[in-house]
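Per the numbering used here, the sequence shown runs over residues 727 to 927.
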Amino acid sequence: MISGRYVDVSVYQKAKKGNHFCGDSYFFIEEDQIFLGVLADGLGSGEIAKESSQAVIDIVKQHKNKTVKEVVDLCNKELIGMRGAVMGILKIDLTDQTFSFSTIGNIGIIIFEKAGKKKRNIPSSGYLGSRYRGVKVMTEKLTEGTNFIVFSDGVQDKELSACYFKDCDVERITNAYAQYNDNSRQDDTTLMAIRYKGEKD
Ligand SMILES: [Mn+2]
């Protein structure tokens with residue numbers, strides 16, 4: 727678990743059975759004015775998949791201050807000619823107190839607000855590299871004590887109703903997931919638990 731000034735992050739990741747390389751790549755960073763979290767799942771498996779998903783991460787790292795839409799467009803450009811990838815990106819603007827997120831293909835984001843509201847995004851279809859028709863970006867007001875769960879398609883729908891996703895301790899979330907998930911998984915699995923703690927005084 728990484729505990730930032732405003733944001734905590736804990737990540738669970740496991741490669742598909744029998745694979746050395748996990749085709750999923752992730753990255754997150756907290757700076758003075760922003761938090762950025764990204765998860766990419768490369769098409770195919772093993773090293774080929776890793777190459778595409780890592781390319782997404784590299785682009786995001788280089789363009790931290792661009793808008794979510796600009797970053798996704800750049801990732802798409804970079805992936806032309808590669809196997810391809812799907813991605814999810816979350817950007818928290820700590821100054822404006824808003825968050826923006828977007829997913830293309832099979833990356834999910836579920837948002838649990840302290841007040842109990844739960845939101846799930848509708849991903850843009852296709853994937854980066856060759857089946858890309860632009861991406862929808864949602865921007866909403868940030869509230870203290872919000873959990874963002876970002877996951878690749880190794881996570882199964884039935885696993886997402888668990889109550890531990892609302893826990894205020896992100897490490898407990900990934901530990902609980904590791905303990906209760908289905909171990910016979912057929913795909914690379916990454917689950918990022920991100921919590922906006924709010925202003926500390
Ligand atoms: Mn996958």
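A virtual CB, placed ideally from N, CA and C, is assigned to each residue, including glycine.
Within the segment 805–846, no run of alpha helix (DSSP H) at least 4 residues long lies entirely inside it.
Going by C-alpha positions, residue 874 is about 6 Å away from residue 836. Here residue 800 carries a helix assignment [DSSP, helix/strand/coil]. Between the alpha carbons of residue 824 and residue 900 lies a gap of roughly 25 Å. By the neighbour-count criterion, in which a residue is buried when 16 or more other Cβ atoms sit within 10 angstroms of its Cβ, residue 860 is exposed. Unbroken alpha helix (DSSP H) stretches of 4 residues or longer found wholly inside the segment 851–913: 896–906, given in chain order. Contact annotation: residue 830 and residue 851 have beta-carbon atoms nearer than 9 Å. Taking a cut-off of 6 Å from the heavy atoms of ligand 1, the residues with a C-beta inside it are 767, 878, 879, 880, 913 and 914. Contact check for residue 783 against residue 798 fails: the beta carbons are separated by 9 Å or more. Secondary structure note for residue 785: its alpha helix (DSSP H) is the uninterrupted segment 772–788. If the five residues before and after residue 759 are omitted, its C-beta is found closer than 6 Å to the C-beta atoms of 820 and 821, all from its own chain and listed in chain order.
Of all alpha-carbon atoms in 895, 894 and 915, the one lying nearest the alpha-carbon of residue 904 is that of 915.
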